[in-house]
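Asks: Residue numbers (my numbering): 12 to 291.
Just so you know, even glycine gets a beta-carbon here, dropped at the ideal spot from N, CA and C.
All values derive from a computational prediction rather than experimental measurement.
(1) Measuring straight from C-alpha to C-alpha, what distance separates residue 107 and residue 32?
(2) Using C-beta distances below 7 angstroms, list every residue in its chain close to residue 37, excluding the 5 sequence neighbours before and after it, in chain order.
(3) Determine the burial state of residue 230: buried for a count of at least 16 other Cβ atoms within 10 Å of its Cβ, exposed for fewer.
(4) Rank 211, 245, 120 and 137 by C-alpha distance to the C-alpha of residue 151 and give the top, closest one.
(5) Can you tell me whether residue 124 is buried or exposed? The criterion is at least 16 other CB atoms within 10 Å of its CB, across all chains shown.
(6) Helix, strand or coil for residue 138? Go by DSSP, reduced to three states.
(7) Count the other C-beta atoms from every protein chain shown that fall within 10 angstroms of the C-beta of residue 213, then say buried if there are 16 or more, exposed otherwise.
(8) On a CA-only basis, which of 84, 44 and 144 is nearest residue 241? Give me that one, please.
(9) Residue ranges of each alpha helix (DSSP H) run of no fewer than 4 residues wholly in the stretch 141-167, ordered along the chain?
(10) For residue 206, does the three-state DSSP call read helix, strand or coil?
(11) Alpha carbon to alpha carbon, what distance is there between residue 256 and residue 149?
(12) Taking 6 angstroms as the limit between beta carbons, can you name the residues of its chain near residue 82, skipping five residues before and five after?
Here you go:
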């Protein structure tokens with residue numbers, strides 16, 4: 012049997028859940044479910060309340076759900092959102108979840124000069140560290156759009172992994188600045204922002220899509236290392252219907268032998284410490 016068929020800790024399949032903490036860090040008139048028919052020069056006030064739901068209701072509800080299910084997740088935090096709601100950021104970490112960096116503001120970085128991009132990333136890290144005491148080792152760029160310098164900057168700043176990669180269903184190792192760096196793949200297929208907001212899926216359609224994904228990966232995991240990624244955003248995945256769907260989905264997954272729910276920093280550590288990890 013191929014030695015790469017099992018996780019080094021004995022897990023058969025690893026599930027990685029992301030909880031995006033972005034609400035409060037968005038710019039004025041950011042994309043929302045409201046039609047783009049607002050006259051120039053005005054602020055979309057109802058849309059801002061859609062985002063406020065993320066930190067007023069969404070994340071608190073998801074945190075209770077993760078506790079009830081007994082799992083830990085990775086929260087990708089926008090620095091400005093953390094500074095706006097510091098107590099919520101502290102609670103995420105206090106409940107045992109990973110705080111990962113997601114930039115200082117909700118804006119692009121791929122088009123920034125090297126020094127500006129480094130400051131953009133570091134400012135976001137500092138906001139998280141100052142607020143929660145947690146030192147982020149994982150990174151997620153806005154809409155995954157990193158630039159040519161991003162990985163080098165992350166390595167310089169002491170990061171261990173990034174998630175802005177859709178190319179595999181298992182983590183792998185790349186060389187950055189002649190050093191090992193982990194890639195913990197992300198997903199768009201099992202992502203509420205794409206399915207619920209982008210494709211107008213219902214909660215049960217989301218449930219069924221991710222269930223099918225899990226069942227196929229679980230079958231494959233008998234012979235090869237597999238990871239299932241699921242992503243929830245504060246103002247989308249934190250709605251009552253989506254939290255209920257997530258609860259039912261995770262309880263179904265937990266019925267299967269050998270499934271482990273892990274934070275992405277844990278996955279990165281396993282990957283970097285395993286000589287059988289794929290290297291690119």
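Replies: The short version:
(1) 15 angstroms
(2) 62 and 117
(3) exposed
(4) 120
(5) exposed
(6) helix
(7) exposed
(8) 84
(9) 161-167
(10) helix
(11) 27 angstroms
(12) 272
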